[in-house]
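2 protein chains.
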Amino acid sequence: VISNFADRLMAAIAARGTPACVGLDPLPEKLPRGLKPIAEAGADSNAQAILQFGRGVIEAIAAMVPAIKINIAFFEPFGEHGLRAYSMLIREAHAAGLMVIGDVKRGDIGHTSGQYAKAHLSDGPEGSGVADAITVNPYFGSEGVSPFVEAAQVTGRGLFVLVQTSNESAAQVQGLELPNGLTVCQEVARLVQDWASADGLIGSGGYSCVGAVVSPRDLESTARIRELMPNCIFLVPGFGAQGRTVDEVATCFTPDGTGAIVTASRSVIYAYDEPKYRDAGPSWKEAVRAGCRDFVESLRQVLG
Amino acid sequence: VISNFADRLMAAIAARGTPACVGLDPLPEKLPRGLKPIAEAGADSNAQAILQFGRGVIEAIAAMVPAIKINIAFFEPFGEHGLRAYSMLIREAHAAGLMVIGDVKRGDIGHTSGQYAKAHLSDGPEGSGVADAITVNPYFGSEGVSPFVEAAQVTGRGLFVLVQTSNESAAQVQGLELPNGLTVCQEVARLVQDWASADGLIGSGGYSCVGAVVSPRDLESTARIRELMPNCIFLVPGFGAQGRTVDEVATCFTPDGTGAIVTASRSVIYAYDEPKYRDAGPSWKEAVRAGCRDFVESLRQVLG
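Protein chains in written order, with the working numbering: chain A, 832 to 1135; chain B, 832 to 1135.
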């Protein structure tokens, strides 16, 4: 029996006692001394460096959080070497007991989304790392998303459809107001709820394997979006470096305090660059661990 | 001096006398006998098979068309092997005198789009294949697109921002009507024209290195979009298998008969499966060549 992704994620959150998810967006030039590749290093050396760094981050955080979000954009500049590192880190995160969200933001017409779904949500060959869920772009409408939903249902994986993103200029498209009183992203929220509540997708906890990326940029809009998507888990980016506050993030949870997973990336993985973590320990991983602990603590305030 | 992408593309179209672009979307199960991998083949064998096939397609079409569009989604299921094949085919298409559009449909917040731009629009290490232009998703607004624009300007490459796509359900998001009388995709068209007409992006021919993906699904909307984006080259998908007609495609060109490049994928690369090309010649490549010739001929009707 393949269990529902949403049920698995909720169980992992309950087991760790926190909905915190660390985002791994590794830039070679930001790596700790000793891991940082030389300026002229090739794709292979850069990929090796971010692989070593990712391993250290996984080791530092695995006991504290239920999930890691790995952004493939930071691996693609290193070509095939980068992609191998991405896949290896997924496998190693799984071995360390973490669930993995592959932040790939794919989407195309249905015929082509089917290939992306095969790449990122289907069981690969023995030993290849496949994420438990990925992020998906809604611009093509239901046909562009349904191949991901079908693959997720077959393999017990999940997806988070982009609804309201964290950047200011998102409003240029997502924030356009429609005659029915909704904005474009709120209309997308309605679509995602439709897709999420189709037969066989909702787990025993009431959440669907189809979730949504929702940044609480605008409190009023976020509250409305939360109402529009009762069956969707929200993947909430932007805690920490992107500046979302505790109050804003609280809006993403349902009244029972579930239904969201919150990510912080740069504030955790580059904690060793912060003066406040200078005395965390001899290894950079101690600073990452301390940064992760503070992230988890600050999220506790959200949930009271 | 790095010349403008739009000028280079227009010159290539003029040199071949056609705005036809072949789309390479290779599925292992559709390959010709002799190239088709066995059912249980691993990622490496599958990647080898689509690499061989892509080489044959390039050889068959290179003398007839100015450009090839390679869709990375069809390579990603084969992981690092697939990505290596994608990069090698870009390099080999260049060696054969073709311009290359990397159909990658990337897009994220600015910080992250910068990494995708580095991966797909920046000069890679010696010997790596980098496309002349890529496709980009507009859902994040200007911040998500500007890193691609900056990279394109620096390296003389280009991008095509998704505006109106070819699938029916695109209307669920792109077709939403706004109070100002425009639809969402027409509003996106206005944004893209803004981005395209920024300082330094328009070449001597009047077109920008920032173009748009426009499928002429709706004649009236397409005519309006063409008016809204006078400086943008349209990348027009869906000729052939996706069913767009000559009249529909004609709407994508400017009054002087330029400003668009039209792609056909399955109807050309799988021509050997069509009874009409059975007698094209002893090799499957003869059928592909004949399919490409027919595609070019049918486009001639568009331009009178």
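Glycine included, C-beta positions come from ideal geometry on N, C-alpha and C.
Asked                                                                                                                                            : Found
Whole-angstrom distance between residue 1052 (chain B) and residue 1009 (chain B), CA atom to CA atom                                            : 14 Å
Chain-ordered residues of the region 958-992 of chain A with a beta carbon less than 8 Å from chain B                                            : 959, 968, 969, 970, 971, 972, 973, 974, 975
Minimum length 4: unbroken alpha helix (DSSP H) runs contained in the region 1032-1087 of chain B                                                : 1050-1059, 1077-1081
Three-pair Cβ contact test at 8 Å for the region 974-986 of chain B versus the region 954-973 of chain A                                         : no
Short CB-CB distance (under 8 Å) between residue 947 (chain A) and chain B                                                                       : yes
Nearest residue (CA-CA) to residue 952 (chain A), options A:836, A:1109, A:1095                                                                  : A:836
CB contact flag (residue 1080 (chain A), residue 1047 (chain A), <8 Å)                                                                           : yes
Neighbour flag for residue 1003 (chain A) against chain B, beta carbons, 8 Å                                                                     : yes
Alpha-carbon spacing of residue 867 (chain B) relative to residue 940 (chain B), whole angstroms                                                 : 39 Å
Close-in-space but distant-in-sequence residues of the same chain around residue 856 (chain B) (CB under 6 Å, 5 per side omitted)                : 902, 905, 1096
CB contact below 8 Å: residue 998 (chain A) versus chain B                                                                                       : yes
Contact belief for residue 852 (chain A) with residue 1089 (chain A) at Cβ below 8 Å, rounded distance in angstroms                              : Contact doesn't hold; Cβ gap of about 14 Å is too wide.
Unbroken alpha helix (DSSP H) run spanning residue 1095 (chain A), endpoints                                                                     : It is not in any alpha helix (DSSP H) - residue 1095 (chain A) instead sits in the beta strand (DSSP E) that spans 1091-1095.
Within chain B, partners of residue 862 (chain A) - CB distance below 8 Å                                                                        : Going along chain B, no residue has its Cβ under 8 Å from residue 862 (chain A), so there is no contact; the nearest lies around 15 Å.
Span separating the alpha-carbon of residue 1016 (chain B) from that of residue 1004 (chain B)                                                   : 8 Å
Complete alpha helix (DSSP H) runs within the region 928-996 of chain A (minimum length 4 residues, chain order)                                 : 941-952, 973-986
Any chain A beta carbon closer than 8 Å to residue 900 (chain B)                                                                                 : no
Contact check, residue 1100 (chain A) vs residue 896 (chain A), beta carbons under 8 Å                                                           : no
Cα-Cα separation, residue 1065 (chain A) to residue 922 (chain B)                                                                                : 41 Å
Members of the region 916-947 of chain A that neighbour chain B once the beta carbon cut-off is set at 7 Å                                       : 918, 936, 938, 939, 940, 941, 943, 946, 947
Contacts around residue 935 (chain B), its chain only, beta-carbon distance under 7 Å, and the 5 residues preceding and following it disregarded : 903, 951, 965, 966
Residue interval of the beta strand (DSSP E) (run including residue 896 (chain B))                                                               : Here residue 896 (chain B) belongs to no beta strand (DSSP E), and DSSP marks it neither H nor E.
Burial state of residue 879 (chain A), where buried means 16 or more other Cβ atoms lie within 10 Å                                              : buried
Unbroken beta strand (DSSP E) run spanning residue 854 (chain A), endpoints                                                                      : 851-855
Backbone CA spacing between residue 1122 (chain A) and residue 1104 (chain A) [nearest angstrom]                                                 : 11 Å
Cβ neighbours of residue 1050 (chain B) in the same chain (closer than 7 Å, five flanking residues each side left out)                           : 1079, 1082
Extent of the continuous alpha helix (DSSP H) run through residue 1128 (chain B)                                                                 : 1115-1133
Selection from A:875, A:849, A:989, A:915 that minimises the alpha carbon distance to residue 892 (chain A)                                      : A:849
Proximity test, Cβ basis, 8 Å: residue 836 (chain A) and chain B                                                                                 : no
Residue from A:1085, A:1069, A:1086 with nearest C-alpha to residue 1126 (chain A)                                                               : A:1069
Residue 839 (chain B) versus B:979, B:1025, B:1092, residue with shortest Cα-Cα distance                                                         : B:1092
Whole-angstrom distance between residue 993 (chain B) and residue 1026 (chain A), CA atom to CA atom                                             : 23 Å
Nearest-angstrom Cα separation, counted from residue 886 (chain A) out to residue 1057 (chain B)                                                 : 50 Å
Proximal residues to residue 959 (chain B) (C-beta, below 6 Å), its chain only, five neighbours per side dropped                                 : 918
Given residue 954 (chain B) as reference, the closest of A:1114, A:873, A:962, A:1037 once Cα atoms are compared                                 : A:873
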